[in-house]
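Residue numbers (my numbering): 1 to 353.
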């Protein structure tokens, strides 16, 4: 029995993010997962961001497949168009088609399937999982954004309809477990998350940070290392995870890329006081920002279930002067501690202290 892992990166994310060394930019958590699972990039075409050969293997027992994000393929104009609108005839369908082809080529009866994604890549991961005819052992996603197919909504009081890409966020009966890690501090209305429908198989947890502080892609990645570590810990008993000193960095070199992924890109150092990359808007564009609506959904609507906050939110609140997650204002929530236990119901920002 093999373990097949499918990793779908976020909008505009690709291995070339490692080239931006002098900017606050780096590779995402999805690509880091691919590396820790033993995945390779030698078959990745840097100029076109497509795979020439889909086999990425550490052993025959575990194979990882990586797909760069929406907006990383084709001409400059095509990349920009797909990044903004993700039309049904664009990158999203191409990525899913590539993943299905890899599955068809490598799947054998009894193989275990694991799927990961970030942002629109998380939406793609969930679509891919939803339509598989096989069992999925684990679905792990970072801050799902389903602002796809031109579905633009600037109303801060509405969530993106999960029917855009899902059936009311319902996890398919063939998926054993799902983990969804979410941003407390993202304010861009177009980046409202697409939540799962409440299900005992689903773990949804909110963390300090904006969208890419959860899914990664910043060089100053102390916050996204918290979520990366959480996701790795969630599958540690299921998948083979390499130590950073065991990773074959030569296998992560992309032909034609300026810089290669190196140990600096994959070093994990979670920091509760790490840089939070807040968005700043002028008064003219302030209407595009609003606090996130933190909740647990049932059929695209707020339910009676209490949302779960990660314990590092409390630690940041007590360590970083001025950190006040507005999305928790007057909100009832529970805190999951470092041992995975849930605390009592708390209410409001002041209860963090």
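Heads up, the beta-carbon is just placed ideally off N, CA and C, and yes, glycines get one too. Keep in mind that this is a model prediction, so the values were computed, not measured.
Presumed contact (8 angstroms Cβ cut-off) between residue i and residue j, rounded CB distance
i: residue 184; j: residue 335; result: No, residue 184 and residue 335 are not in contact; Cβ-Cβ is about 12 angstroms, not under 8 angstroms.
i: residue 331; j: residue 348; result: 7 angstroms
i: residue 424; j: residue 229; result: In the structure displayed, the chain extends from 1 to 353; residue 424 sits before or after that span and is not available.
i: residue 10; j: residue 120; result: 6 angstroms
i: residue 24; j: residue 259; result: Rounded, the Cβ-Cβ distance is 15 angstroms, inconsistent with contact.
i: residue 274; j: residue 222; result: 2 angstroms
i: residue 132; j: residue 297; result: So it is not a contact: roughly 23 angstroms between Cβ atoms.
Residue of the options minimising C-alpha distance to residue i
i: residue 224; options: 230, 231, 214, 232; result: 214
i: residue 2; options: 178, 122, 345, 112; result: 112
i: residue 182; options: 340, 191, 232; result: 191
i: residue 98; options: 66, 126, 205, 303; result: 66
i: residue 41; options: 248, 309, 132; result: 248
i: residue 39; options: 27, 63, 26; result: 63
i: residue 202; options: 102, 126, 274; result: 126
i: residue 129; options: 94, 91, 176; result: 176
i: residue 278; options: 133, 172, 209; result: 209
i: residue 4; options: 26, 116, 14, 272; result: 116
i: residue 290; options: 303, 261, 193, 16; result: 193
i: residue 16; options: 238, 198, 261; result: 261
i: residue 26; options: 267, 219, 341; result: 219
i: residue 303; options: 346, 340, 268, 198; result: 198
i: residue 276; options: 324, 200, 107; result: 324
i: residue 294; options: 246, 267, 186, 212; result: 186
i: residue 212; options: 134, 239, 122, 200; result: 122
i: residue 246; options: 341, 104, 107, 263; result: 263
Burial state of residue i, where buried means 16 or more other Cβ atoms lie within 10 Å
i: residue 180; result: buried
i: residue 109; result: exposed
i: residue 319; result: exposed
i: residue 244; result: exposed
i: residue 255; result: exposed
i: residue 310; result: buried
i: residue 253; result: buried
i: residue 338; result: exposed
i: residue 144; result: buried
i: residue 101; result: exposed
i: residue 250; result: exposed
i: residue 200; result: exposed
i: residue 146; result: buried
Proximal residues to residue i (C-beta, below 8 angstroms), its chain only, five neighbours per side dropped
i: residue 235; result: 114, 138, 140, 241
i: residue 136; result: 113, 114, 115, 129, 172, 174, 175, 176
Contacts around residue i, its chain only, beta-carbon distance under 7 angstroms, and the 5 residues preceding and following it disregarded
i: residue 232; result: 36, 241
i: residue 355; result: Nothing about residue 355 can be read from this structure; the chain reaches only from 1 to 353.
i: residue 124; result: 8, 92, 95, 96, 117
i: residue 345; result: 306, 332, 334
i: residue 268; result: 225, 228, 229
i: residue 34; result: 7, 64, 66
i: residue 32; result: 216, 228, 266
i: residue 360; result: What the structure shows of the chain is the stretch from 1 to 353, and residue 360 is not part of that stretch, so it cannot be assessed.
i: residue 326; result: 291
Proximal residues to residue i (C-beta, below 6 angstroms), its chain only, five neighbours per side dropped
i: residue 352; result: 314, 317
i: residue 308; result: 205, 334, 336
i: residue 328; result: 349
i: residue 216; result: 28, 29, 224
i: residue 6; result: 65, 99, 115
i: residue 103; result: none
Minimum Cβ-Cβ distance from residue i to chain C less than 8 angstroms
i: residue 34; result: Chain labels in this structure do not include chain C; a single protein chain is all it has.
Report task. Just list the alpha helix (DSSP H) runs in the segment 213-258, keeping only unbroken ones of 4 residues or longer that don't cross its boundaries, in chain order. Result -> As summarised for the segment 213-258, the continuous alpha helix (DSSP H) elements at least 4 residues long and confined to that stretch are 222-235, given in chain order.
Requested in this report: Write down every uninterrupted run of the beta strand (DSSP E) in the segment 288-348 whose length is 3 residues or greater and which is fully enclosed by it, in chain order.
Outcome: Taking 3 residues as the minimum length, the beta strand (DSSP E) runs contained wholly in the segment 288-348 are 308-310, 332-336, in order along the chain.
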